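Here the structure comes first, spelled out in structure tokens, and everything after it is commentary.
There are 2 protein chains.
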Amino acid sequence: MDDGDEMHFCTTCAFSQACQSQGYDKATLRKLHILVEHIGPIKQGEYIFREGEDFNAIAAVQEGTVKTCIFDAENTEKVLGFFLPGEVIGLNAIHNSKYPCDAVALDTVMLCRFSFQKMALLASQMPGLQTQLFRLLSRDIGKAALLTGDYRAEQRTAAFLVTLSRRHAQSGLSATSFCLAMSRTDIANYLRLAPETLSRVFKRFQSEKLIRASRRESELCELASLEKLAMPILRN
Amino acid sequence: MDDGDEMHFCTTCAFSQACQSQGYDKATLRKLHILVEHIGPIKQGEYIFREGEDFNAIAAVQEGTVKTCIFDAENTEKVLGFFLPGEVIGLNAIHNSKYPCDAVALDTVMLCRFSFQKMALLASQMPGLQTQLFRLLSRDIGKAALLTGDYRAEQRTAAFLVTLSRRHAQSGLSATSFCLAMSRTDIANYLRLAPETLSRVFKRFQSEKLIRASRRESELCELASLEKLAMPILRN
DNA sequence: CGAGAGCTTGAACACGTTCAAGTTTAGTGG
DNA sequence: CCACTAAACTTGAACGTGTTCAAGCTCTCG
Chain W
889 MDDGDEMHFC TTCAFSQACQ SQGYDKATLR KLHILVEHIG PIKQGEYIFR
939 EGEDFNAIAA VQEGTVKTCI FDAENTEKVL GFFLPGEVIG LNAIHNSKYP
989 CDAVALDTVM LCRFSFQKMA LLASQMPGLQ TQLFRLLSRD IGKAALLTGD
1039 YRAEQRTAAF LVTLSRRHAQ SGLSATSFCL AMSRTDIANY LRLAPETLSR
1089 VFKRFQSEKL IRASRRESEL CELASLEKLA MPILRN
Chain H
889 MDDGDEMHFC TTCAFSQACQ SQGYDKATLR KLHILVEHIG PIKQGEYIFR
939 EGEDFNAIAA VQEGTVKTCI FDAENTEKVL GFFLPGEVIG LNAIHNSKYP
989 CDAVALDTVM LCRFSFQKMA LLASQMPGLQ TQLFRLLSRD IGKAALLTGD
1039 YRAEQRTAAF LVTLSRRHAQ SGLSATSFCL AMSRTDIANY LRLAPETLSR
1089 VFKRFQSEKL IRASRRESEL CELASLEKLA MPILRN
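So the protein sequences, as listed, match chains W and H. The letter at position 79 of the first sequence is residue 967 when you use our numbering, and the numbering goes up by one with no holes. The letter at position 5 of the second sequence is residue 893 when you use our numbering, and the numbering goes up by one with no holes.
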């Protein structure tokens, strides 16, 4: 891959975006681009990293969807999160140098991988990059809010859909019509609901014309109503 | 306050510990100590920061206990966390330069405050400090695990007590006997349980001789049993 | 001693779970 | 192209845990 490609490729990465907007010279930017490792395509079901493995790199999702999960004491899967294009996985592995969860590709995934050590070193020379990293980490701290609460199944589901919608929109995609890469079971697991409950909520939403969902295709017909439902969780 | 005092004071801060163990020279260390602002005593019920305020500093708790919370859409309080001595508040405020929650003193609190901007700048020159900051942030990402799950009230409560015990032990205090700075109501709120439910769980634990708790004093008589109960949540 | 907040206790209720059976879907080989 | 299979999803009914509501208790501090 030549420089041009790399440059183009990396504009979708949060890191590069941040640094480019800081007005660094091309030589410095190149240092960042050298760290980038273009990984993929990773096929559905393949692991990106596994719990307990040594941490060495964080990665920005380029394409596809990644699921993170752990197996609890009874060896049942617990879904921790979903990562869409533009989002970064591995940040929770820094603190004790081991990945604390599995990361699995839900569909065909392309990644932008960075050696964290080298990136941190570079961050010392590029204040913008350091700030960006701190921000990225800080943002993830409060992220679990969706799960962190005794909300109704309807509210949880609405909040999930709204969040997904907003994240899609941030990538410039449609906010009201998208394709879910994850199964109902995974969503239910993530929302800490029984699959049966989620199924019933989806049905109710459909009968109330809030959404139209066939299998994986989803359309949010009344985003405003969903946002209203999700208010207690998302607070905006 | 003279330098000696400051030095002594700061040995309990995670930052200083990290940097001292890196073998920095005294001049560099002093740069870090200059950033420290010694705040307190803050009286029970006083706010350390409020939601929406501009972020400028993070702070390590020196003494006492801090509660973080927000008010949800229905204007009911939602407790997000408790911070014991040695723990750092404000990390979740970095990403958009506003505190996303309130921080309240639950008893008399002493703080070590750092301008984050200056600290980040210093971190560029001190790789050990930068690493420490990244670790601190990364550690908080997965921290909400206690709330993030559809666990039984007993398991939640056990996990809460065990976590508290471990955090106490880390400060060199007794792991089995301590004084809770927070009210039952706050604990219940934090664990997303009704106060009534928590009360019943405490009663059950006492009748099973797992704990002895009078008002605020708590004694964990069978830490092993509690840890077993909490296993599904804490995973060790 | 009295007032008020915090905590406890009991009984009815509700939401989501569980279990069991049925339906749809996607993937496979004849 | 269709039949077959396994997995995912849906539907219904009984159940259980935690909530809610209402009342009573107990500390603490004026």
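Glycine included, each C-beta is placed from N, C-alpha and C at the ideal position. Note that this is a predicted model, so its numbers are computed, not measured.
The segment 1031-1049 of chain W makes no contact with the segment 1040-1054 of chain H; the number of CB pairs closer than 8 Å stays below 3. According to DSSP, H:C1000 shares a beta bridge with H:H926, H:A948.
Within chain W, A1008, A1011, S1012, Q1018 have C-beta atoms less than 8 Å from the C-beta of H:Q1018, given in sequence order. For H:N980, the nearest CB of chain W lies under 7 Å from its own CB, placing it at the interface with that chain. For H:Y935, the number of other beta carbons within 10 angstroms of its own is below 16, and it is reported as exposed. For the set H:I1099, H:L1111, H:A1082, H:L1098, the Cα lying nearest the Cα of H:V967 is the one of H:A1082.
Taking 7 Å as the cut-off, the beta carbon of H:P988 is found no closer than this to the beta carbon of W:G940. Straight-line measurement puts the Cα of H:M1007 at about 12 Å from the Cα of H:P1015. Contact check for H:A948 and H:V976: beta-carbon distance about 5 Å, within the 8 Å limit, so the pair qualifies. Straight through space, the alpha carbons of H:D995 and H:I1121 are spaced by roughly 28 Å.
Taking each of W:S1059, W:R1040, W:N1077, W:C1067 in turn and checking the Cα distance to W:S1102, the smallest one comes out for W:C1067. Within the segment 968-1026 of chain H, complete alpha helix (DSSP H) segments of at least 4 residues are found at 1004-1013, given in chain order. Assignment of beta-bridge partners to H:C957 by DSSP yields H:V967, H:D990. Residues of chain H whose Cβ lies closer than 9 Å to the Cβ of W:E962 are, in chain order, P1120. Within chain W, the residues whose beta carbon sits less than 9 Å from that of H:S1026 are L979, N980, A981, I982, H983, N984, L1025, D1028, listed in sequence order. Taking each of W:R1123, W:L1098, W:E951 in turn and checking the Cα distance to W:L1061, the smallest one comes out for W:E951. Excluding residues up to 5 positions away in sequence, K955, V967 lie with their Cβ nearer than 7 Å to the Cβ of H:D1074 in the same chain.
DSSP, read as helix, strand or coil, puts H:D1074 in helix. H:Y935 has H:V992 as its beta-bridge partners, per DSSP. In the displayed model, H:F1048 falls within a helix according to three-state DSSP. Counting only residues of its own chain and dropping the five nearest sequence neighbours on each side, H:K919 has a CB closer than 7 Å to the CB of L1010. Below the 8 Å Cβ cutoff, chain W contributes K966, L1035, R1080 as neighbours of H:G1037, in chain order. Close to H:P988, with beta-carbon spacing below 8 Å, are these residues of chain W in chain order: G1030.
According to DSSP, residue pairing for H:L1108 in a beta bridge involves H:I1099. At a cut-off of 7 Å, the C-beta of W:F959 has no neighbouring C-beta in chain H. Nearest Cα to W:G978 within the set W:F959, W:E962, W:L1024, W:R1040: W:L1024. Residues of chain H whose Cβ lies closer than 9 Å to the Cβ of W:R1123 are, in chain order, I958, D960, A961. Excluding residues up to 5 positions away in sequence, F943, N944, A945, I946, G978, I982 lie with their Cβ nearer than 8 Å to the Cβ of W:F1004 in the same chain. Beta-bridge partners of H:F1066 (DSSP): H:S1106. If the five residues before and after W:A1118 are omitted, its C-beta is found closer than 7 Å to the C-beta atoms of Q1043, A1046, A1047, V1050, all from its own chain and listed in chain order.
Using a 10 angstroms sphere on the CB of W:R938, the tally of other CB atoms stays under 16, which defines it as exposed. Exclusion of the five residues before and after W:R1072 leaves P1083, L1086, S1087, F1090 as the residues of its chain whose Cβ lies within less than 8 Å of its Cβ. Chain W places a beta carbon closer than 7 Å to that of H:F1022, counting this residue as a contact. CA-to-CA, the gap between W:N980 and H:K986 works out to about 22 Å. Going by beta carbons, H:R1001 and H:E925 fall inside the 7 Å limit.
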